[in-house]
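Take a look at the structure below.
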Amino acid sequence: MTYAYYPGCSLKGTAIDYHTSALALAERLGIELKEMEDWVCCGASPIHQRNPALASGVANLLLSLSEGISKDVAVLCAACYHNMKKAEVEMREDGKKRNEVEELSGIPFNPEVRTRHFLDILDKDYGLNALKEKVVKPLSELRVACYYGCLLSRPPEIAFDDPEQPMIMERILEAAGAETVSWSHRLECCGASHAVPLTDAVLRLVNDVLASARDAGADIIACACPLCQANLDMRQEGIRAKLGVAHNLPAVYFTQLLGIACGATGKQVMIEKGMVSAVPLLRAKNLL
Amino acid sequence: MSKIGVFVCHCGENISRTVDCARVAKASGQIRGVAVAKDYKYMCSDPGQALIKNAIKEHKLDGVVVSACSPHMHEKTFRKAVTEAGLNQFLCEMANIREHCSWVHEKEEPTTRKAIELVRLMVEKVKRNMALEPIRVDVTKRALVIGGGVAGIQAALDIADGGHEVILVEKDPSVGGHMAQLSETFPTLDCSQCILTPKMVDVGSHPNIKLYTYSEVEKIEGFVGNFKVTIKKKARSVDIDKCTGCGECQLKCPSKKIPSEFDRGLKNRTAIYIPFPQAVPARPVIDREHCIYFTKGKCKACQKVCPTEAVDFEQTDEYVEEEVGGIVVATGFDLYTTDKQGPYPDYKGYGEYGYGEDPDIIDGLQFERLASASGPTGGAIQRPSDGKEPKSVVFLQCIGSRHPSKGIEFCSKICCMYTAKHTMLYKHKVHHGTAYVFYMDIRAPGKGYDEFVRRAIEEDGAVYLRGRVSRIYRSGDHLIVKGADTLSGAAVEIEADMVVLATAVMPQPGIEGLFQKLGISYDQYKFASEAHPKLRPVECATAGIFLAGACQGPKDIPESVAQASAAASKALILFSRDQMLREPVVAKVNENTCIACWYCVEICPFTAISKKDIRDRQGNLIKRVAEVNPSLCTGCGTCAATCFSNSIDLDGFTDEQIYSEINSLMAVGQDLFPEPEKAEGDSPDEKAA
Amino acid sequence: MSDRTDKIREVARKWLADGTVEAVVGWEQGTYREKCSPVLVRKPEDADRLLFNDRCTNNLMTYLKRDPVRGMEKVGVVAKGCDIKSLIGLLQESQVEREKVMVLAVTCEGVKKDDGTVPIKCQACDVNTPTFYDEIVGEKVASNPDPEARFKDLEKLDAMTPAERNSFWREELDKCIRCYACRQACPLCICSRCIAEKNQPQWVETSPHPRGNFSWNLVRAYHLAGRCVECEACETACPVNIPLMLLNRAMARTVKGAFDYEAGKDPEVQPPLRTFNLDDDNSFIL
Amino acid sequence: MSESPQSETQKDGAGLPEAATSWEPRIVAFICNWCTYTGADLAGTSRMKYPPYVRVIKIPCTGRFDPLFMIKAFERGADGVLVSGCHPGDCHYTAGNYNARRKYTVFKALLETLGMDMDRVWFSWISASEGGKWVDTIRKFTEVIQEKGPFREYREMIDVG
Amino acid sequence: MKYQIRLSGDEIRLMQEVKARSGVDLAKCYQCGECTAGCPMTPEMDAGPTKTLRLIQLGMEEALFDLNTPWLCASCETCTARCPNDIDIALVMDVVRQMARLKGKKIPVKEPRIFQDVFLKSVENNGRLFEPGMIAFYNLRSGDLFHDVGLGPKMLLKGKLPLLPHTSKNREKLREIFRKAEALEKEAGKKASEEAHDESGH
């Protein structure tokens, strides 16, 4: 199983732990994530906020880089996934759009190419039964709130599970022995695209998400997007300072939890990188 | 001494779970006048009914109380059963010990006691029940349809096709009503006249339909099945049997400047005129108010030119009588006007829009005429003031409607749809024009209706603005419309070439006079009232009178037609039997004590009570008394409760019956409640099954 | 006063002489102290028996529905404003035909009761100068600007607790001997057979015990609600002095408050229990 | 056939409710056939529960309700009387309930003037769909009557009589 | 007064321009409000998406470009996902921002615009985003020199911020796409206004 791997900028920086843990997990599962060469930034939200056509052009460039590796591009970042998948779907379904984008980017579109989120790969390609067999340290008694955020399933055309009630992350983490909680804010936006310019609004949104997870009885939040994780993790201190609410709720990547379940050490999944440390919790549950 | 049978049902366990049915039967057996009391598992089953029938014969019972479920459930079943055993059905009553007792109380002593008391109450009532016979009323199998619009036409055709004679009365010179004035119809945009005129022709030629146009209902007497109607045929001044409808008279008539009613004043007509080319009958009528001969005594141009000598200046109003069994009221609607002094004096006009005096501010029906291929402009959209094609037209919804300060609270229901249609018709004819619509809500609940409105907006580009218009005034060549769009929060000003007002749908002015003659009720706006808003929406409270179309409230064409067919089927149901049977729960007057104060006459909601003279053999008036018409009485009993000399009573619920029920409840002695243990083994013969 | 007497005689004489009426019902000098008695004058020369003074207390309208007046083609009746109220009541209920009655109205400053006191109806009279008549005699007399003053003595009832009111009435009604004088005197008790005498069913128990007395007086007041014109004839007639007008006035006050209706005012208006309004008070119904 | 209710009473001896020691509330409900009776049926089919002390007398319409029925009920020992029919605008006979409402207004004022305990006289509109309202009304009314005890004031009159 | 308008038939042009740029037909919007209901940024917005669309429908350009709403849009696309008429509202917000920029409108909230610019500048310069440099540049541009300054060292300590920018060999290709897109959007603006002109029949 080999995939063309597009990490994106965050995974080489603020989300290095996502990148590392995903590779550690993939290795244990026997999935090869082969990084595409000379990839560029997808432009995240700012790129389509400036010019929607530009976003599609850049996405087409990125899709073309998978050539020679695999027609399936594995993506971990939700923003990258969103930009690439949206462009891909549009081009496949709308000939006029495809022509425009090809013209703009100067690159032909290969309709065979599929943008795949790693969650989807685990669920559909690898399979939960196979995953279960690899679990050596079940995440027992760990109550996990699975957080999807907004970009993984919007617009609905790009979703790989029910766009309003996805359960894919729950299924996967439950296969690894975790207990997942049912909570209200699984799909609410954390405001990541405004994390820098509009911090106050973002504090409000993050606080709502954290409060919902906490009220549902979660020990920890699992994320599938570097922007979400960064926001949920780093903004807790700001929330304590500005809103007077102390959540102290670790937010980690689902790949980190799965990696641990499959026998990786804390170090191998960079579990220590979180601002709100998950280490004491995982130790208490005998997972570290 | 009465011989009553009491039959206590267990209803499986539905009753016996909380009520000691055997004890109820035993206690019932001890009530004076009860000849037999039995209990049984399922009284409504065949063996249960057989048990009752046998008991009636064996004990020669003169009354039966079935103590079981609600009478609303099985009263008919048991009344049928006792009839089969030779007992009058109205000597059977039900004591409701299931819905009102076993199901709502716990298993405890007072529950069984209550059941016993409920039986006792009914026993006392049944003792005073009378053998009654259903009331039979002969039915005249002919119908009167009032109003020749689409609703009246449909009702008349359906009844006539059902094989019964129909008298169709139309006040105007032709049938057709407002639908004949419309250009296209929503939501299909088919041509209104194209779909209506075949029906008009059918009405004119149907062997079962007797058509009175230019006629009005003068008087109505009688009651369901037996109405006598007097119809006034207004003098037409044309003998329609001689007239061939050639139209020569119209061409020669020198009085040519009379605003045409059909074209809503957008075109003129002559004094002798056929209202529109497709009129049925296609015969002219002389408008005597404007005819030069009738006003000045000289002219007769039409008479001179008439090849068949059909013009008859000497004609007078004629009165004919018709007997009918049922009546369909289909008098339709008219539009509210924004005039200062309109035909609806109770409602205020719109000074803020200039009281309807600007020629370029028109109403919806006028726009229909403008858009109609048969209209004054041949279907070209031209504004009335100078005939220019308007580049921007502003449509205003809810004019009069939903405007309590003008006196009207209701929604006129059809304006949202026809306004959307108007914008489409306009845009289809004036491609570069803009149609603006001021609306408060868009109400389009109908098959294909909302899609239609969305089409007007999305495909034909009508600009919908959510808000009302505060003022319209003229500024040179334009009308300035000052409104608002609450969605954007903006005050909106539009320079319009023409304004179309969707004015409220109102009953015909003065229609309450007819409703009073018919004895049917109407609401504050003079829309006719139905008997029940949900379950009897087609019938009037007065038996034998049915409603069709917009006389009852705003309705669109499909609704009017549907209701017309419903009204027709109601009439046909009435005509399906030679006689009608009615529950004999009716009021009766004690003539000895009636003092003719007429409280009952005034208070009866069904005008079922009239004043009767009692005379001796020589014809001298001895006294006057109230008299109930059992065909009209519905048995509400309001008269009985109102009469202070207690000279009127209600069969089935007489004062005496109700009093004995009250007495039975209170006159309870210990002996009526034998203790449960005593009940065993001690049962008197046959008292418990 | 004598002026009005003269004029009454003059009009009556004229009506009788020219055949306008068959007879005139009026008052004449009584035989007992100053009291006046009803009289039926049939001949013009007897018109001089008629008079009017402050002892013309009787309400002559009751005679309109009795023999022999009832059978007459047309009859004149001398009437004070308050008497005309009962005529209006009778007209509303079709007991009298307007065209058969000639009303000879007389203005009135108020009359006196047998004991010389002035009745409440006169103290708060609003029809000293009648407005409904065929002919009127006497100068215009001003009315009490506050006709509601007649409700003043209800205040003592209002002030009581329900229990106190109940025992007050129990005590008063216990006195009732069921002589039905109240009914006989009432111009608007028009039933030919009173409900109190109907026994199938027995609406009211006949013997004078508290339960029957309570029911009878309640029925009487209820049947007069919205109809009673407060002529006070019942109370005057009561041999055991039950304050019947307290009940009647309480009902009149209720009807005025709830339906804005006053009995005896306008023959064209429907009596309150013969009609309804969609927006009648609904607040007391759950 | 026709036996007057009076003779019935005499036959049953005293004809009065049981002695106060075993007192149970006696509530008489005059209810119209179309709305409240059907509403009470609905309470039954929905298996709602309420105390068993109410006795229903069915009338076709509240328009049929002569207030004197209420007096008769009190004369015969009722502790409370309820009159219930269709809501305004819903009358099967279009106007019976409006006419009834006028009678209530007048009769209620009369009872108040006579110092009757008005907690024992209830009026309500209960539609065919208001099974719950019927149950609530009967529960509350029973509670009130249970708290008040027997209608002593009226019974005293009866006893004296 | 921005909220007092005179309608003369020209108002449709704004809606047509949006359609030309986005393919979105705003005539379909019936103002139900579901976009505003689901928008996470509504509390910070002056108008909210529903009213923003309304201003476009009525051609209220001046009022539209004064709104902070398009600039506060977080691009979560909840509005698009739930719109009963399948209107891509998030795309309309993007297009409004684009139009404001092209028309040289004054932006009512500067921070998101600055962020957008420095982010894309960083991408354009390096081919990939260099987060520390971008943040520093953002702080400089926005004048909020110490924005999130506390987070930086902590992240550095955690090894979450790289010290040097990554670059990519495809940087040139990327820049080419940027340049081309910019040229195209200007051209599209001209075309849109011409089309609108034609359709409204003037």
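Residue numbers (the numbering used here), protein chains in the order written: chain C, 1 to 288; chain F, 1001 to 1689; chain A, 2001 to 2286; chain G, 3001 to 3161; chain E, 4001 to 4202.
Don't be surprised by glycine CBs; every beta carbon is placed ideally from N, CA and C.
Local conformation of residue i per DSSP, three classes
i                      : result
residue 2253 (chain A) : helix
residue 4109 (chain E) : coil
residue 1668 (chain F) : Legend: pLDDT at residue 1668 (chain F) = 43, less than 50; position of this residue unreliable, value from coordinates given subsequently. In this structure, residue 1668 (chain F) counts as coil in the three-state DSSP scheme.
residue 1003 (chain F) : coil
residue 208 (chain C)  : helix
residue 2164 (chain A) : helix
residue 2181 (chain A) : helix
Any chain A beta carbon closer than 8 Å to residue i
i                      : result
residue 3124 (chain G) : yes
residue 1668 (chain F) : With a pLDDT of only 43 at residue 1668 (chain F), under 50, the local geometry of the prediction cannot be trusted, and no value is derived from it.
residue 3048 (chain G) : no
residue 1602 (chain F) : yes
residue 3013 (chain G) : Its pLDDT being 33, under 50, residue 3013 (chain G) is placed unreliably in this model, and the coordinates cannot settle the point.
Residue i burial status per 10 Å Cβ neighbour count (16 or more: buried)
i                      : result
residue 4111 (chain E) : buried
residue 1431 (chain F) : exposed
residue 1194 (chain F) : exposed
residue 2216 (chain A) : buried
residue 1241 (chain F) : exposed
Closer than 8 Å to chain E by CB, residue i
i                      : result
residue 9 (chain C)    : yes
residue 47 (chain C)   : yes
residue 1436 (chain F) : yes
residue 1658 (chain F) : no
8 Å Cβ cutoff, residue i in contact with chain H
i                      : result
residue 2163 (chain A) : This model lacks chain H altogether; the protein chains it does include are C, F, A, G and E.
Min CB distance residue i to chain F below 8 Å
i                      : result
residue 3052 (chain G) : yes
residue 3096 (chain G) : yes
Within-8 Å CB hit, residue i to chain G
i                      : result
residue 2211 (chain A) : yes
residue 2243 (chain A) : no
residue 1545 (chain F) : no
residue 1662 (chain F) : yes
residue 1985 (chain A) : Absent from the model: residue 1985 (chain A). The displayed extent of chain A is 2001 to 2286, so no value can be given.
Any C-beta of chain C under 8 Å from that of residue i
i                      : result
residue 4094 (chain E) : yes
residue 4116 (chain E) : yes
The ligand GTP heavy atom lying under 7 Å from the CB of residue i
i                      : result
residue 2188 (chain A) : Of the ligands one can find in the structure shown there are none, so the ligand GTP has no counterpart to examine.
Complete runs of the alpha helix (DSSP H) confined to the region 138-195 of chain C [at least 4 residues]: 168-175
Could you tell me which uninterrupted beta strand (DSSP E) segments, each at least 3 residues in length, are contained entirely in the region 1426-1504 of chain F, listed from first to last along the chain? 1434-1439, 1463-1466, 1469-1475, 1478-1485, 1490-1496 and 1498-1503
Under 8 Å, with one C-beta from each stretch per pair, do the region 3068-3084 of chain G and the region 1122-1136 of chain F reach the 3-pair mark? no
Length at least 3, wholly inside the region 1542-1628 of chain F: the beta strand (DSSP E) runs in chain order: 1545-1547, 1579-1582, 1587-1589, 1609-1615 and 1621-1628
Can you confirm whether the region 133-144 of chain C touches the region 179-190 of chain C when touching is taken to mean that 3 or more C-beta pairs between the two stretches lie within less than 8 Å? yes
Is it the case that the region 126-142 of chain C contacts the region 255-271 of chain C, given that we only count it when at least three CB pairs across the two stretches are under 8 Å? yes
What are the start and end residues of each continuous beta strand (DSSP E) run of 3 or more residues lying completely inside the region 1165-1243 of chain F, in chain order? 1165-1169, 1209-1212, 1215-1223 and 1226-1233
Enumerate, from N- to C-terminal direction, the unbroken beta strand (DSSP E) stretches of 3 or more residues contained entirely within the region 2191-2268 of chain A. none
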